[in-house]
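Numbering-wise (numbering that gives the first Met the number 0), the sequence shown opens with residue 0 and increments by one.
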Amino acid sequence: MSIGNSPEDDRISPADDRDSIGRALQQTRIAAGLTVEEVSASTRVRIPIVHAIEEDDFSRCGGDVYARGHIRTLARAVGLDPAPLIEQYDAEHGGRPAPTPAAPLFEAERIRPEPRRPNWTAAMVAAIVAVVGFVGFTMFDGNDAPKGSTVADGPAPAPEKASPAAKPKPVKPAPKPSESAIAAVPQDKVTVKMTATDGKSWISAKAADGKLLFDGLLLNGESKTFQDDERIDLVLGNAGAIELYVNGKKVADKFESGQVERLTYTKGDPEAG
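So this is what it looks like as structure tokens:
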């Protein structure tokens with residue numbers, strides 16, 4: 000027992016004996032004979048971020064979602080099971096955010112007023128009153144005719160029936176835009192369009208010659224489009240937040256929130272890219 004510590008301080012739980020997340024990743028990397036540069040090249044996680052994570056500094060990751068993604072990627076790169084590290088991160092940083100309850104949406108559906116139906120009874124009463132008024136006016140006008148005037152024999156002319164209102168022609172709904180609608184996509188190039196539709200994501204895009212086209216954060220609602228003559232390499236830090244179009248066609252892959260994806264696309268159908 001160390002000097003100055005109470006007996007309670009010496010009763011350390013087994014969970015406290017385990018290494019920190021950064022030390023576990025660092026020790027496993029060193030045991031595997033890998034350098035930080037090699038891990039960065041294989042995972043596309045930048046070298047300063049790898050150093051920061053190994054020092055248990057997750058502030059450079061850009062948030063909890065990206066921190067979990069980087070931990071998972073680095074653990075797999077050095078041959079370590081990422082699940083215990085993710086659980087340790089959640090325990091030390093407050094866990095995952097609770098999902099938003101859907102009850103207000105259902106309440107709004109229940110209190111939505113029903114569309115009002117046409118009042119056919121009132122319309123029928125109004126029509127009967129109009130007919131009775133017309134007949135009464137005709138009879139009163141015939142009895143007050145001046146003497147000496149001749150009234151033509153024969154039945155009184157029937158009131159003209161109002162022609163039914165022309166039914167409006169149904170309006171054809173506008174055609175829905177195709178999921179692959181990206182205007183004027185050149186066939187001799189590879190074109191990639193990314194839109195953050197469910198949160199923000201760190202992305203990186205490189206051309207076939209290794210030129211860095213973009214490396215940064217794509218905020219919710221923002222879009223980026225890249226083109227190259229041969230190939231585009233992508234890294235998505237939060238793949239579940241990205242809607243991806245390649246060569247004018249939407250990529251149907253279902254990426255998970257916080258998942259890091261490394262993708263490569265060339266000319267032609269993205270399903271074969």
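Glycine residues also receive a C-beta, built at the ideal position from the N, C-alpha and C atoms.
Given the structure is predicted, the values throughout are model-derived calculations rather than measurements.
Short check: CB of residue i to CB of residue j, under 7 Å?
i, j, result
"Ser200", "Asn237", "yes"
"Glu242", "Thr194", "yes"
"Leu73", "Leu24", "yes"
"Arg71", "Pro81", "yes"
"Ile202", "Leu217", "yes"
"Thr27", "Val77", "yes"
"Gly198", "Asn219", "yes"
"Arg22", "Gly257", "no"
"Ala207", "Glu221", "no"
Going by alpha carbons, who is nearest to residue i out of the options?
i, options, result
"Ile20", "Ser39, His50, Arg45, Gly32", "His50"
"Phe213", "Ala74, Asp80, Val234, Gly198", "Val234"
"Asp63", "Ser41, Asp55, His92", "His92"
"Ala204", "Val184, Leu217, Phe225, Pro185", "Phe225"
"Arg45", "His69, Glu54, Asp55", "His69"
"Thr263", "Ala76, Tyr244, Gln26", "Tyr244"
"Thr265", "Asp252, Ala240, Asp187", "Asp187"
"Ala281", "Pro269, Gly267, Arg261", "There is simply no residue 281 to check, as the chain begins at 0 and stops at 272 in what is shown."
"Val250", "Asp228, Leu211, Pro269", "Pro269"
"Arg75", "Val124, Gly61, Ala31", "Ala31"
"Arg59", "Val38, Lys223, Gly215", "Gly215"
"Leu211", "Ser222, Asp252, Thr196, Asp227", "Asp227"
"Phe254", "Pro47, Thr196, Gln87, Ile127", "Thr196"
"Val259", "Gln87, Tyr65, Glu37", "Tyr65"
"Glu53", "Ala122, Gly132, Asp18", "Asp18"
Give the secondary structure of residue i by DSSP, where H, G and I count as helix, E and B as strand, and everything else as coil.
i, result
"Ser39", "helix"
"Asp80", "coil"
"Ala204", "strand"
"Ala102", "Low local confidence applies: a pLDDT of 45 at Ala102 is under 50, so the model's placement there is unreliable, with the coordinate-based value given in what follows. Helix, per DSSP."
"Met0", "Model confidence at Met0 stands at a pLDDT of 39, short of 50, so the residue's coordinates are unreliable and nothing is read from them."
"Phe213", "strand"
"Arg230", "strand"
"Ala251", "coil"
"Thr120", "helix"
"Ala107", "A caution first: Ala107 carries a pLDDT of 40, below 50, which makes its placement in the model unreliable, though a value can still be read off. Looking at Ala107 - three-state DSSP - the assignment turns out to be helix."
"Cys60", "helix"
"Val184", "coil"
"Thr72", "helix"
"Val44", "coil"
"Ser179", "Confidence in Ser179 is poor, its pLDDT being 45 and thus under 50, which makes the residue's placement unreliable; the coordinate value appears in the next sentence. Coil at Ser179, not helix or strand."
"Gly93", "coil"
"Leu67", "The sequence given here places Arg at residue 67; Leu does not occur at that position. Arg67 falls in the helix class under three-state DSSP."
"Arg28", "helix"
"Gly132", "helix"
"Glu361", "Residue coverage of the chain in this structure runs from 0 to 272, which leaves residue 361 outside it and unanswerable."
"Arg17", "coil"
"Ala144", "Residue placement at Ala144 is poorly supported in this model, since its pLDDT is 44, which falls under 50; the coordinates still yield a value, given next. Coil at Ala144, not helix or strand."
"Val49", "helix"
Identify every residue that forms a DSSP beta bridge with residue i.
i, result
"Glu260", "Leu235"
"Tyr88", "DSSP lists no partner for Tyr88."
"Ala23", "Per DSSP, none; premise fails for Ala23."
"Glu242", "Thr194"
"Ser265", "The sequence shown places Thr at residue 265, rather than the Ser named in the question. Arg230, per the DSSP bridge assignment."
"Phe225", "Val191"
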